[in-house]
Amino acid sequence: MTNGSADTLGHPSTPVVSFDWKEQLRSLRAGDSYRAADQASRTLASHPTFRVVLVALKARGRVDEHHADSVISVHCLDGQIRFEVEGAAYELTPGQLLVVTERLPHSVVALDESAFLLTIGEPHHDERAAAGESVATDGSDEVGHVVARADTVPFHSVRGLVVDDTPVCLIRADDGRFYALRDNCTHEDYPLSDGELEDCTVECPRHGSRFDIRTGDVLNPPAVVPVETYRVEVVDGDVVVWASA
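Going by UniProt numbering, the final residue of the sequence shown carries number 245, and the count climbs one at a time with no gaps.
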């Protein structure tokens with residue numbers, strides 16, 4: 001990359017993200033989740049503006065994503081996949097990349113045993129502001145919302161809230177720590193707050209997708225896309241959820 005093209009990156013805090021996808025894929029395919037199901041996934045890189053997720057599918061495996069509220073790209077790494085969106089279908093082979101700029105539900109079907117990188121973008125600051133989301137006026141990119149008194153929230157509890165028009169799943173773990181996730185399973189939008197909490201995992205009651213409450217990463221399919229997480233703190237006895245702007 002030349003210096004001229006590097007400048008277009010806008011002085012990123014981490015300009016180069018490195019991962020060995022072949023080794024990660026070998027590890028993913030050797031795991032219990034892949035052996036027990038048609039698919040498995042793992043987050044390889046995470047940033048406030050995007051995530052990169054490695055997805056492995058067995059032949060004829062299918063990923064249906066109904067919760068698609070951001071720009072995505074699909075980069076085929078191995079095998080052959082078919083990307084389906086709004087009645088159209090696009091077949092991808094290794095090295096081919098497809099970008100969807102509209103926020104549309106979509107499906108990916110493995111024609112052979114396959115793997116692909118899914119990059120999930122987040123809305124820009126001005127897009128969220130235009131949608132009516134609160135924006136901090138002190139120059140920061142976050143706004144805190146008091147959602148409860150800490151002493152009223154039981155340990156080992158899960159509850160659904162609405163924070164600035166955003167569905168939030170507020171969790172208090174067995175050790176008393178608080179976590180906040182978007183209250184939608186990324187598979188079919190079912191409320192995670194109706195699910196079961198076990199250690200650091202919440203399970204969607206609809207189809208059994210499990211998510212790490214600390215990172216939002218998928219631990220068990222059929223979901224593939226990680227669930228969005230929010231910063232949460234206890235301030236003067238109040239539980240405050242910080243929604244990124």
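For each residue, glycine too, the CB sits at the ideal point set by N, CA and C.
Between Pro-205 and Asp-194 a beta carbon distance of about 5 angstroms is seen, short of the 8 angstroms cut, so the two are scored as contacting. The C-alpha of Asp-238 is placed about 42 angstroms away from the C-alpha of Trp-21. Annotation for Ser-27: the continuous alpha helix (DSSP H) segment containing it runs 21-29. Rounded to whole angstroms, Trp-242 and Ser-33 show a C-alpha spacing of 32 angstroms. The beta carbon of Pro-154 is closer than 8 angstroms to those of Arg-172 in its chain, skipping five residues each way along the sequence. Note that the C-beta distance between Ala-45 and Val-55 is not below 8 angstroms.
Distance from the CA of Ala-36 to the CA of Pro-221, rounded to the nearest whole angstrom, comes to 10 angstroms. Annotation for Tyr-34: the continuous alpha helix (DSSP H) segment containing it runs 32-36. Boundaries of the beta strand (DSSP E) around Tyr-230: 229-235. Looking only at Asp-165, Val-202, Val-168, Leu-118, the smallest Cα-Cα distance to Ser-41 is reached by Leu-118.
In the DSSP assignment, Gln-39 falls within the unbroken beta strand (DSSP E) covering 39-47. In the DSSP assignment, Asp-164 forms no beta bridge with any residue.
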